[in-house]
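Peer 1:
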Amino acid sequence: MRIAIVGTGGIAGIHAAAVSALGESARVVAAVDIDAGRLDAFAAEWGVPERYTRVEELIERSECDVVHLCSPPGLHRDQAVAVLERGWSVLCEKPPALSLREFDEIAAAEARSAGSFGTVSQHRFGARAVALREAIARDDFGPLHLALCNTLWFRPDSYFAVPWRGTWESEGGGPTMGHGIHQMDLMLSLAGPWESVRATAGRKARPTRTEDFSTAVVTLASGATLVIVNSLLSARETSYLRFDFAGGTVELEHLYGYGDDSWRFTPAPGDPDAGSRWNALPPGAPSGHSAQFAAVAEALRSGAPMPVTTAQARPTLELIAAVYASAFTGREVARGELAEGSPFYSSMGGHRAPWLTTEGTA
């Protein structure tokens with residue numbers, strides 16, 4: 001499998017290492033970056049033979065099977081569409097697009113292409129999450145009543161010195177879009193689809209145009225309630241998911257990746273067998289790019305679409321748009337409501353962030 005990596009910043013090294021872990025079945029054959037010095041350093045470190053400064057050059061001169069987009073979010077739509085029109089597949093870092101409109105344009109290009117589009121959602125692929133997803137499908141722990149999904153991280157002001165960070169136009173949003181998306185995606189993949197959301201978002205401390213925290217209360221299709229907090233203001237950083245099932249409580253606490261030891265189960269009184277069912281879940285690989293890339297390679301070998309598909313990724317992006325829409329309009333937002341014609345379909349923030357209006361920059 002011939003792979004090109006577009007964008008050679010920090011995350012690109014994680015991609016290159018994960019590709020290397022696939023052994024003889026995959027190789028990075030090309031890299032693209034507008035910064036020639038950074039491109040040369042990356043290519044030298046990972047033994048990449050082809051180097052290009054534009055995606056158009058890659059498309060014209062190379063032969064690839066999959067292009068990994070590790071570029072800033074504001075470039076994903078145009079780059080993905082161009083690669084899909086070439087007939088190659090795309091594996092894209094999160095967020096896959098800046099808006100629902102852009103994402104739907106990628107999906108439309110995929111429908112016309114011989115290639116497929118996958119979103120990097122590495123937390124879905126840790127062994128314990130896979131096993132829990134199967135256990136939930138079997139109803140091992142009974143109905144879900146309440147769930148928590150917290151991404152409590154810290155980013156100092158200096159983090160936003162990078163020009164594309166902290167803006168709606170190039171990053172698509174703050175911690176809800178760029179950071180909380182990881183845990184929100186894992187949560188939805190386990191807890192099931194969402195129906196409606198009521199949310200708040202604000203900018204308390206960081207020098208950004210986007211929010212630096214958000215909260216949301218989500219009603220899931222199952223009737224369970226999900227509470228979400230996303231923050232870049234939290235000195236003790238943690239990523240925390242909690243599922244209160246009838247049969248017991250499942251907790252996951254980590255930061256940027258988890259293993260089997262990151263999970264905890266507390267059986268509910270009156271269900272003595274729940275602990276045994278939890279202990280029966282098989283151990284295995286931690287979450288991470290390597291776990292997802294192995295699944296991607298297997299899918300491509302079998303001719304199947306790459307995980308996570310556009311159909312699987314869109315509900316997470318739609319929930320994020322709905323969080324912003326609810327926060328900035330002050331009302332509950334239902335799934336499916338943010339369609340063509342809504343300002344939140346074309347822009348995550350809908351150009352409605354109140355602090356931008358008061359600053360005269362909306």
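In case it helps, full-length UniProt numbering puts the sequence shown at residues 1 to 362. Each residue gets a CB set at the ideal place from its N, CA and C atoms; glycine is no exception. For clarity, every value in this text was computed on a predicted model and none was experimentally measured.
Three or more C-beta pairs under 8 angstroms: does that hold for the stretch 5 to 14 against the stretch 68 to 78?
Peer 2: The stretch 5 to 14, when compared against the stretch 68 to 78, does touch it at the 8 angstroms Cβ threshold.
Peer 1: Would you report the Cα separation of T53 and G223, rounded to the nearest angstrom?
Peer 2: Along the sequence shown, read from residue 1 onward, the residue named residue 53 stands at position 53. Along the sequence shown, read from residue 1 onward, the residue named residue 223 stands at position 223. If you take the alpha carbons of T53 and G223, they lie about 50 angstroms apart.
Peer 1: Specify the secondary structure class of D261 as computed by DSSP and reduced to three states.
Peer 2: Along the sequence shown, one-based indexing puts residue 261 at 261. Of the three classes helix, strand and coil, the one that applies to D261 here is helix, per DSSP.
Peer 1: Using 8 angstroms as the Cβ pair cut-off and three pairs as the minimum, do the stretch 240 to 255 and the stretch 154 to 164 touch?
Peer 2: Not touching, per the Cβ criterion.
Peer 1: Counting pairs of beta carbons, one from the stretch 265 to 284 and one from the stretch 215 to 230, are three or more of them closer than 8 angstroms?
Peer 2: Judged by Cβ distances under 8 angstroms, the stretch 265 to 284 makes no contact with the stretch 215 to 230, as fewer than three pairs qualify.
Peer 1: Can you give me the C-alpha to C-alpha distance between L148 and V48, rounded to a whole angstrom?
Peer 2: Against the sequence shown, residue 148 aligns to sequence position 148. Against the sequence shown, residue 48 aligns to sequence position 48. Their Cα atoms are separated by approximately 42 angstroms.
Peer 1: Is the stretch 336 to 347 touching the stretch 94 to 105, taking contact as three or more C-beta pairs under 8 angstroms?
Peer 2: Enough Cβ pairs lie closer than 8 angstroms, so yes.
Peer 1: Going by Cα to Cα distance, which pick from A26, D271, I181 is closest to V229?
Peer 2: Along the sequence shown, one-based indexing puts residue 229 at 229. Per the Cα distances, I181.
Peer 1: To the nearest whole angstrom, what separates the beta carbons of P283 and A137, a pair I think is in contact under 8 angstroms?
Peer 2: Walking along the sequence shown from the start, residue 283 turns up at place 283. Walking along the sequence shown from the start, residue 137 turns up at place 137. That pair is no contact at about 19 angstroms.
Peer 1: Taking C-beta to C-beta, are L190 and R133 nearer than 8 angstroms?
Peer 2: Position 190 of the sequence shown holds residue 190. Position 133 of the sequence shown holds residue 133. Taking 8 angstroms as the Cβ cut-off, L190 and R133 qualify as a contacting pair.
Peer 1: I'd like the span of the alpha helix (DSSP H) that includes residue 376, first residue to last.
Peer 2: Residue 376 falls outside the range modelled here, since the chain spans only 1 to 362, and no answer is possible.
Peer 1: Distance cutoff 8 angstroms, beta carbons only. Does A108 sit that close to anything in chain D?
Peer 2: Judged by its chain identifiers, the structure shown contains no chain D, having just a single protein chain.
Peer 1: How about E50 and A30: do their beta carbons lie closer than 8 angstroms?
Peer 2: Mapped onto the sequence shown, residue 50 falls at position 50. Mapped onto the sequence shown, residue 30 falls at position 30. A contact, by the Cβ cut-off of 8 angstroms.
Peer 1: List in chain order: all unbroken beta strand (DSSP E) runs of 3+ residues lying wholly within the UniProt domain "GFO/IDH/MocA-like oxidoreductase" (131 to 244).
Peer 2: DSSP runs (the beta strand (DSSP E)) wholly in the UniProt domain "GFO/IDH/MocA-like oxidoreductase" (131 to 244): 144 to 154, 194 to 202, 213 to 220, 225 to 231.
Peer 1: What are the start and end residues of the beta strand (DSSP E) that includes residue 365?
Peer 2: Outside the shown range of the chain, which is 1 to 362, sits residue 365, and nothing can be said about it.
Peer 1: Do you know how far the Cα of M306 is from the Cα of A295?
Peer 2: Position 295 of the sequence shown, counting from 1, holds the residue named residue 295. Position 306 of the sequence shown, counting from 1, holds the residue named residue 306. Approximately 8 angstroms, taken between the alpha carbons.
Peer 1: Can you tell me whether DSSP reads I34 as helix, strand or coil?
Peer 2: For the purposes of this step, residue 34 is taken as residue 34 along the sequence shown, with counting starting at 1. It is coil, neither helix nor strand.
Peer 1: Hey, could you find the ends of the alpha helix (DSSP H) A291 is sitting in?
Peer 2: Here residue 291 corresponds to residue number 291 of the sequence shown, with the count starting at 1. Residues 289 to 302.
Peer 1: Could you check whether G178 and P95 sit closer than 8 angstroms to each other, using their CB atoms as the reference points?
Peer 2: Indexing the sequence shown from 1 puts residue 95 at position 95. Indexing the sequence shown from 1 puts residue 178 at position 178. The answer is yes: Cβ separation under 8 angstroms.
Peer 1: Which first and last residues belong to the alpha helix (DSSP H) in which L84 is found?
Peer 2: Here residue 84 refers to the residue found at position 84 when the sequence shown is read from its first residue. Its alpha helix (DSSP H) spans residues 76 to 85.
Peer 1: L188 and T316 - do their beta-carbons sit closer together than 8 angstroms?
Peer 2: For the purposes of this step, residue 316 is identified with residue 316 of the sequence shown, where counting begins at 1. For the purposes of this step, residue 188 is identified with residue 188 of the sequence shown, where counting begins at 1. Contact flag set, yes.
Peer 1: Once the 5 residues before and after E195 are set aside, which same chain residues still bring their CB inside 7 angstroms of it?
Peer 2: Your numbering for residue 195 matches position 195 in the sequence shown. If we look at E195 and ignore the five residues flanking it on each side, its Cβ neighbours are T219, L220, A221, A334, R335.
Peer 1: Using DSSP with H/G/I as helix, E/B as strand and the rest coil, what is A109?
Peer 2: In the sequence shown, the residue the question calls residue 109 occupies position 109. Helix at A109.
Peer 1: Do you know how far the Cα of E340 is from the Cα of G360?
Peer 2: The residue given as residue 360 occupies position 360 in the sequence shown. The residue given as residue 340 occupies position 340 in the sequence shown. Annotation note: pLDDT 49 at G360 (below 50); position unreliable, coordinate value reported separately. Rounded to the nearest angstrom, the two C-alpha atoms are 26 angstroms apart.
Peer 1: Return yes when the Cβ of G174 is within less than 8 angstroms of the Cβ of T210, no when it is not.
Peer 2: Position 210 of the sequence shown holds residue 210. Position 174 of the sequence shown holds residue 174. Yes; because the gap between Cβ atoms is below 8 angstroms, this pair is in contact.
Peer 1: Could you check what DSSP says for T249 in three-state terms: helix, strand or coil?
Peer 2: Walking along the sequence shown from the start, residue 249 turns up at place 249. Looking at T249 - three-state DSSP - the assignment turns out to be strand.
Peer 1: Check E57 in the structure and name its three-state DSSP category.
Peer 2: Your numbering for residue 57 matches position 57 in the sequence shown. DSSP places E57 in helix when its eight states are reduced to three.
Peer 1: Using 10 angstroms around the beta-carbon of G286, count the other beta-carbons present and answer buried if the total reaches 16, otherwise exposed.
Peer 2: Locating residue 286 in the sequence shown gives position 286, where the first residue counts as 1. Contrary to the premise, residue 286 reads as Pro rather than Gly in this sequence. The residue in question, P286, is buried, as its Cβ has 16 or more Cβ neighbours within 10 Å.
Peer 1: Output the distance between the C-alpha atoms of G37 and I5, rounded to the nearest integer angstrom.
Peer 2: Counting from one through the sequence shown, the residue named residue 37 turns up at place 37. Counting from one through the sequence shown, the residue named residue 5 turns up at place 5. For G37 and I5, the distance between alpha carbons rounds to 16 angstroms.
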